[in-house]
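First residue of the sequence shown: 7, per my numbering; consecutive thereafter.
C-beta: ideal position from N, C-alpha, C; glycine also.
Here the structure is a predicted model, which is why all the values come from computation and not from measurement.
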Amino acid sequence: MFRIGEFAQIAQVSTRQLRFYDQIGLLQPGRTDPQTGYRYYAIHQLPRLNAILALKDLGLMLDQIGSLLDKAISPAELRGMLLLKRAEAEQAILKEEQRLRHIESRIAQIDRQGSISDYDVVTKSLPSQAILATRHTVADLKESGALVAAAAAAGRAALRPSQRGNLIVVARNDPDSDRLDLTIGYIRPTSLAVP
Numbered sequence: 007m008f009r010i011g012e013f014a015q016i017a018q019v020s021t022r023q024l025r026f027y028d029q030i031g032l033l034q035p036g037r038t039d040p041q042t043g044y045r046y047y048a049i050h051q052l053p054r055l056n057a058i059l060a061l062k063d064l065g066l067m068l069d070q071i072g073s074l075l076d077k078a079i080s081p082a083e084l085r086g087m088l089l090l091k092r093a094e095a096e097q098a099i100l101k102e103e104q105r106l107r108h109i110e111s112r113i114a115q116i117d118r119q120g121s122i123s124d125y126d127v128v129t130k131s132l133p134s135q136a137i138l139a140t141r142h143t144v145a146d147l148k149e150s151g152a153l154v155a156a157a158a159a160a161g162r163a164a165l166r167p168s169q170r171g172n173l174i175v176v177a178r179n180d181p182d183s184d185r186l187d188l189t190i191g192y193i194r195p196t197s198l199a200v201p
């Protein structure tokens, strides 16, 4: 039998990891000295440890790994767990790809304008709402400020406060161009029917 440090070295894991696996019942020592508390592991425990490490590397939780190793989970159940992990990994990749696109867009904006924009874009999901809006294309952000102010004033002049909600501005741009497509308008109060 091997002391915990020797077994950890053979398996290329930390003694801390082995102690934790013992604590949660995932991989208990072959023998624990009752007087010293030293843990001893047998070489035949190495395949179980390797299986734990391989399943952990696939993204399974330790309690799932314990169930899998102790209760002889069927191949269909393991396949289901792995399909779920694959879906989670794909979702994480999509999120990181979206972050990468945002970073690339910001770099392109700095390259085009030579400075950092005063406006930060935050994407939020909202329930669908009716809006009263107008659309315009402008050359750059500087031109958009005057247009937004003019559209807001026109909306206030044409609509009573009860007929309009918050002012919204949606700007879309092509990373290869400075031109912006603007949608400027008011959210229609939910109490009003859409004409």
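Paired residues, beta bridge with residue i - DSSP
{"i": "residue 278", "result": "With the chain covering only 7 through 201, there is no way to say anything about residue 278."}
{"i": "residue 19", "result": "Its beta-bridge partners do not exist; DSSP assigns none."}
{"i": "residue 138", "result": "192"}
{"i": "residue 47", "result": "8"}
{"i": "residue 37", "result": "46"}
{"i": "residue 129", "result": "For residue 129, which the question treats as bridged, DSSP gives no partner whatsoever."}
For residue j and residue i, believed in contact at Cβ under 8 Å, the rounded distance
{"i": "residue 36", "j": "residue 72", "result": "18 Å between Cβ atoms; not a contact."}
{"i": "residue 17", "j": "residue 55", "result": "5 Å"}
Under 8 Å between C-beta atoms of residue i and residue j
{"i": "residue 151", "j": "residue 192", "result": "no"}
{"i": "residue 144", "j": "residue 190", "result": "no"}
{"i": "residue 7", "j": "residue 44", "result": "no"}
{"i": "residue 33", "j": "residue 58", "result": "yes"}
{"i": "residue 173", "j": "residue 163", "result": "no"}
{"i": "residue 184", "j": "residue 141", "result": "no"}
{"i": "residue 84", "j": "residue 74", "result": "yes"}
With 16 other Cβ atoms within 10 Å as the buried cut-off, status of residue i
{"i": "residue 179", "result": "buried"}
{"i": "residue 171", "result": "buried"}
{"i": "residue 13", "result": "buried"}
{"i": "residue 132", "result": "exposed"}
{"i": "residue 24", "result": "buried"}
{"i": "residue 200", "result": "With a pLDDT of 48 at residue 200, under the threshold of 50, the predicted position of this residue should be treated as unreliable, though the coordinate-derived value follows. Residue 200 comes out exposed."}
With three or more C-beta pairs closer than 8 Å as the rule, is the segment 83 to 93 touching the segment 103 to 112?
no
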